[in-house]
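Protein chains in written order, with UniProt numbering: chain A, 1 to 186; chain Z, 1 to 186.
Input: a single structure, listed below in structure tokens.
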């Protein structure tokens, strides 16, 4: 019942298996690139749990806090926090009215020339201070967001232990620990 | 370690206990209203799990699908889906590039005179068709978002079974099943 049914069936759609759970990924047409496989953990609790379980051993030793970013990785970070016993901190992509002295960090986009802005609320930034922090994402592609998160760890006074993602999809040069590589187009 | 530490300690901060887990809620100053208690499930997996467990009996009988909206309710909806065995569908607040024939629904704001727009991707809307659907939120205040979600259920061809929230915080006239009422100011 929780199977991912987004978008049209495609005979060339890649299949992924994580933690014993298999999904045929939907693909979406992106410009002239062709069809790009899309991972959706939101709306699929079975797949989310399986990925979190498989990602547990990828968390670098000594990690004390997980850092993630809204929105797609949120259920995954929740599960990983629950299973690892490590707290997680979430960076937002919009300023919230309640934020106090947030850290603000731009993500340079490699493809569109526009930049995205990350917001880390001050009291949450304080939870990273003096801590060993691992960055957790659903998919790491160019690595631009991951690098902006790493900069936030540093600015908050934490120490980065590493990058953990369910999937790598692209040519980042960051040392990412991931479960499976996805094609950038099919 | 997962205790909610956002914002300053406040001697008047309300405490809530759900599913045996107690949190002192941070409060934020909002205009001339005073301080408003703030619930944050994001970043607190222990509190999220406790609330989801306590909310299970609130899901109306016959419900086949849960419908929620980003962002704050997302870990809660994931947990509730996992524990109930019911799939969940998530409405977005921004158009995503991959969406196909999304349903678009305005949320009239009662306070600011500006409206927010909800986006339900077509393939996800199809998962509501002919189904009994319960709306799940972290907090229901005015009920404006809840009503917009109900309209989306109807437009997608589903039937609404009811509204479920962890907290009610305000004067909505909707028949919401909730765990606890929060003050709108302290």
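All C-beta atoms, glycine included, are put in the ideal place defined by N, C-alpha and C.
From a predicted model like this one, the values you see are computed outputs, not experimental measurements.
With a minimum length of 3 residues, the unbroken runs of beta strand (DSSP E) contained wholly in the UniProt domain "Phosphoribosyltransferase" (65-176) of chain Z fall at 65-69, 88-91, 103-108, 115-120, 132-140, 159-168. Here residue 57 (chain A) carries a helix assignment [DSSP, helix/strand/coil].
One thing to note: residue 19 (chain Z) has its Cβ no nearer than 9 Å to the Cβ of residue 43 (chain Z). At a cut-off of 9 Å between C-beta atoms, residue 79 (chain A) counts as an interface residue with respect to chain Z. Contacts with chain Z at 9 Å (Cβ-Cβ) include residue 43 (chain A). Here residue 101 (chain Z) is exposed. Its C-beta has fewer than 16 other C-beta atoms within 10 Å. Not one beta carbon of chain Z lies nearer than 9 Å to the beta carbon of residue 151 (chain A). In this structure the segment 34-49 of chain A does not touch the segment 50-67 of chain Z; the number of beta carbon pairs closer than 8 Å is below three. The residues 119, in chain order, have a CB closer than 6 Å to that of residue 95 (chain Z) in the same chain once the five nearest residues on each side in sequence are set aside. Among the residues of chain A, those whose CB is under 9 Å from the CB of residue 74 (chain Z) are 42, 70, 71, 74, 75, 78, following chain order.
Per the coordinates, the alpha-carbon of residue 153 (chain Z) lies some 20 Å from the alpha-carbon of residue 178 (chain Z). Taking a Cβ-Cβ cut-off of 7 Å, the neighbours of residue 82 (chain Z) in chain A comprise 45, 49, given in sequence order. Taking a Cβ-Cβ cut-off of 8 Å, residue 145 (chain A) has no neighbours in chain Z, whose nearest Cβ is about 16 Å from it. When secondary structure is reduced to three states using DSSP, residue 63 (chain A) falls in the coil class, being assigned neither helix nor strand. Under the criterion of beta carbons closer than 8 Å, residue 134 (chain Z) and residue 161 (chain Z) qualify as touching, at roughly 5 Å. Beta-bridge analysis with DSSP links residue 181 (chain Z) to Z:168. Proximity to residue 186 (chain A) across A:29, A:22, A:122 peaks at A:29, based on C-alpha coordinates. Beta-carbon to beta-carbon, residue 172 (chain Z) and residue 142 (chain Z) are separated by about 6 Å, close enough to satisfy the 8 Å threshold.
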